[in-house]
Amino acid sequence: MSLDERSRPHIPPHIPQPGTVGRLPVVQRDRAVDGLRALALLAVPTGHWLVGGFVRDPDSSLHNASPLSTFAPLAPITWVLQMLGIFFLVGGYASVLSFRRATGRGTTPGDWLRGRLARLLRPAVGVTAVWAVLATALYAAGVPLTTLHTAATLVVQPLWFVGVYAVVTALTPYCMAASRRLGGWAAAPLAAVVAVVDFLRYGPYADSVPYWATLISLVPGWLFGYQLGVCWGEKRLGRRGARLLLVGGAVLFAALLLVFHYPASLVGVPGQDRTNSHPPSLLVIALAAAQSGAAILLRDRIAALLRRPALWAPVTAVNRSAMTILCWHQTAMLAVVVPVAFAGTAVEGLTTAPDFAAWMATRLPWLPLFAVVLVLVARVARRLELPWAGVSRGQRVCAGVLAVGFAAFALRLTVV
Numbered sequence: 003m004s005l006d007e008r009s010r011p012h013i014p015p016h017i018p019q020p021g022t023v024g025r026l027p028v029v030q031r032d033r034a035v036d037g038l039r040a041l042a043l044l045a046v047p048t049g050h051w052l053v054g055g056f057v058r059d060p061d062s063s064l065h066n067a068s069p070l071s072t073f074a075p076l077a078p079i080t081w082v083l084q085m086l087g088i089f090f091l092v093g094g095y096a097s098v099l100s101f102r103r104a105t106g107r108g109t110t111p112g113d114w115l116r117g118r119l120a121r122l123l124r125p126a127v128g129v130t131a132v133w134a135v136l137a138t139a140l141y142a143a144g145v146p147l148t149t150l151h152t153a154a155t156l157v158v159q160p161l162w163f164v165g166v167y168a169v170v171t172a173l174t175p176y177c178m179a180a181s182r183r184l185g186g187w188a189a190a191p192l193a194a195v196v197a198v199v200d201f202l203r204y205g206p207y208a209d210s211v212p213y214w215a216t217l218i219s220l221v222p223g224w225l226f227g228y229q230l231g232v233c234w235g236e237k238r239l240g241r242r243g244a245r246l247l248l249v250g251g252a253v254l255f256a257a258l259l260l261v262f263h264y265p266a267s268l269v270g271v272p273g274q275d276r277t278n279s280h281p282p283s284l285l286v287i288a289l290a291a292a293q294s295g296a297a298i299l300l301r302d303r304i305a306a307l308l309r310r311p312a313l314w315a316p317v318t319a320v321n322r323s324a325m326t327i328l329c330w331h332q333t334a335m336l337a338v339v340v341p342v343a344f345a346g347t348a349v350e351g352l353t354t355a356p357d358f359a360a361w362m363a364t365r366l367p368w369l370p371l372f373a374v375v376l377v378l379v380a381r382v383a384r385r386l387e388l389p390w391a392g393v394s395r396g397q398r399v400c401a402g403v404l405a406v407g408f409a410a411f412a413l414r415l416t417v418v
């Protein structure tokens, strides 16, 4: 026995050493990253609930309507609530750490990816399968088909994120390789692709560019924030790079609005020919860059703030139910609005057209009720995030068929 070994305090083998459970290291939560993820996640339902208005027809059926169509000064709200750049940033950061831990335990990249995709797809399949049954029951109860189409569209609308996030997650090993080779500049080619596509779809040759060509920027546009997160996780993006992202992103954002006249809203507005969100435009890239830079610079302050139990507890609750919140928040709103419309009642902020500036004030009081309903729904729906233990292969196939059928109905590829 060496001198160093004799000088170490004796720790009985049955007592875990600090930072370990048995022989496995304890994964310490990064409070700043979890806090940023929770903030970005909560911005999704808040944004949808604020600008997701409805118009009730005389037959009590519902149509979507947006206050952004009638009151343009509301557009800056989307600058605050469009936080998907932050979500992809922390997603890339977390994926690097998860990938390292998994491969360090001997897990193959393929097994790691399958595990991540299962966590994404279970809740998405679950919500669409449940709604396939629910929509059939509501139709039998007399709910207008137009209302069901409106509801189906809203339920499916956030699920595009699942598909895109699955693709960028699959690219994690390549993003890590790019980070090691180019550092933080690995995200620059992605921004360049989006800039070229923007020029094609809005430049002098826009009339001759087919729509499918504009979709080229779909993955690069959202991969931009994820790549920054990977570089951050790989310690190839520090405070100096964060300052460049913050300043450069803010300057580019202002230039695109004031000089190049990009639409002010970061979400799609009915009736407008140009959109910043489908696929993401260079304005979305600029905002993601500025947000990412600010997040990295504020990391230590956020972590210190979240040492307070009163703030940390809701952050952990939100992160535990991340996919449930994403998949079911529209259901929570519809659970309030559809019965009111079916009863033939016009209620300010719920079933009245958002065609006046003060409509937002009438909608705000309903948000706490939507949140309460979401909490109640999540208590049951969160089970769909967990592994489907005890679910037979036939039941899984049935859920998949129901999910596909509901998605086809939402996209108006079929009828009830």
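Residue numbers (our numbering): 3 to 418. The C-beta atom is built at its ideal place from N, Cα and C for all residues, glycine as well.
With DSSP run on the structure shown, which of helix, strand or coil describes residue i?
| i | result |
| --- | --- |
| residue 77 | coil |
| residue 349 | coil |
| residue 54 | coil |
| residue 357 | coil |
| residue 24 | Unreliable placement is indicated for residue 24, whose pLDDT of 41 sits below 50; the coordinate value is still reported in the next sentence. If DSSP states are grouped into helix, strand and coil, residue 24 belongs with coil. |
| residue 262 | coil |
| residue 100 | helix |
| residue 146 | coil |
| residue 85 | coil |
| residue 407 | helix |
| residue 39 | helix |
| residue 181 | helix |
| residue 245 | helix |
| residue 274 | coil |
| residue 60 | coil |
| residue 31 | coil |
| residue 414 | coil |
| residue 195 | helix |
| residue 329 | helix |
| residue 2 | No answer is possible for residue 2: the residues shown for the chain start at 3 and end at 418. |
| residue 44 | helix |
| residue 17 | Low local confidence applies: a pLDDT of 35 at residue 17 is under 50, so the model's placement there is unreliable, and no value is given. |
Using the rule of at least 16 other Cβ atoms within 10 Å of the residue's Cβ for burial, across every protein chain shown, is residue i buried or exposed?
| i | result |
| --- | --- |
| residue 32 | buried |
| residue 162 | exposed |
| residue 36 | buried |
| residue 151 | buried |
| residue 249 | exposed |
| residue 358 | exposed |
| residue 236 | buried |
| residue 409 | buried |
| residue 253 | exposed |
| residue 487 | Residue 487 lies beyond the residue range present for the chain, which begins at 3 and ends at 418; the question has no answer from this structure. |
| residue 59 | exposed |
| residue 367 | exposed |
| residue 262 | exposed |
| residue 179 | exposed |
| residue 2 | Any question about residue 2 goes unanswered here, given that the chain covers just 3 to 418. |
| residue 243 | buried |
| residue 365 | buried |
| residue 106 | exposed |
| residue 214 | exposed |
| residue 273 | exposed |
| residue 303 | exposed |
| residue 347 | exposed |
| residue 301 | buried |
| residue 264 | buried |
| residue 238 | buried |
Going by DSSP, what residues sit across from residue i in a beta bridge?
| i | result |
| --- | --- |
| residue 67 | 55 |
| residue 282 | 279 |
**OP:** Entirely within the region 360-400 and at least 4 residues each: give me those alpha helix (DSSP H) ranges in chain order.
**Re:** Complete alpha helix (DSSP H) runs here, min 4: 361-365, 369-383.
**OP:** For the region 389-402 and the region 109-119, state whether three or more C-beta atom pairs, one from each stretch, are separated by less than 8 Å.
**Re:** No, the region 389-402 does not touch the region 109-119.
Subject >> Three or more C-beta pairs below 8 Å linking the region 331-338 and the region 38-51 >> reply: Flag = yes, the region 331-338 and the region 38-51 touch.
**OP:** Entirely within the region 287-317 and at least 4 residues each: give me those alpha helix (DSSP H) ranges in chain order.
**Re:** With a minimum length of 4 residues, the continuous alpha helix (DSSP H) runs that stay inside the region 287-317 are 301-307.
Original post:
Can you find at least 3 beta carbon pairs, one from the region 188-205 and one from the region 226-234, that sit closer than 8 Å?
Top reply: Contact holds: three or more Cβ-Cβ distances are below 8 Å.
Subject >> Unbroken stretches of the alpha helix (DSSP H), 4 residues or longer, contained in the region 104-156 >> reply: As summarised for the region 104-156, the continuous alpha helix (DSSP H) elements at least 4 residues long and confined to that stretch are 111-142, given in chain order.
Original post:
Residue ranges of each alpha helix (DSSP H) run of no fewer than 4 residues wholly in the region 200-241, ordered along the chain?
Top reply: Listed in chain order, they are 213-216, 220-235.
Original post:
Hey, is the region 101-118 in contact with the region 381-392, meaning 3+ C-beta pairs nearer than 8 Å?
Top reply: Taking one beta carbon from each stretch, the region 101-118 and the region 381-392 have fewer than 3 pairs nearer than 8 Å; the two do not touch.
Original post:
How about the region 77-88 and the region 291-303: do they share at least three Cβ pairs that are nearer than 8 Å?
Top reply: Flag = yes, the region 77-88 and the region 291-303 touch.
Original post:
Quick check: the region 310-330 against the region 124-141, are there 3 or more CB pairs under 8 Å?
Top reply: Here the region 310-330 makes contact with the region 124-141; the two share three or more CB pairs at distances below 8 Å.
Subject >> contact_flag[the region 293-313, the region 157-175] where n(CB pairs < 8 Å) is 3 or more >> reply: Taking 8 Å as the limit for Cβ pairs, the verdict is that the region 157-175 does not touch the region 293-313.
Subject >> Three-pair Cβ contact test at 8 Å for the region 198-216 versus the region 144-160 >> reply: With the cut-off at 8 Å, the region 198-216 and the region 144-160 do not touch.
Original post:
How about the region 300-317 and the region 275-286: do they share at least three Cβ pairs that are nearer than 8 Å?
Top reply: Because the criterion of three Cβ pairs below 8 Å is not met, the region 300-317 and the region 275-286 do not touch.
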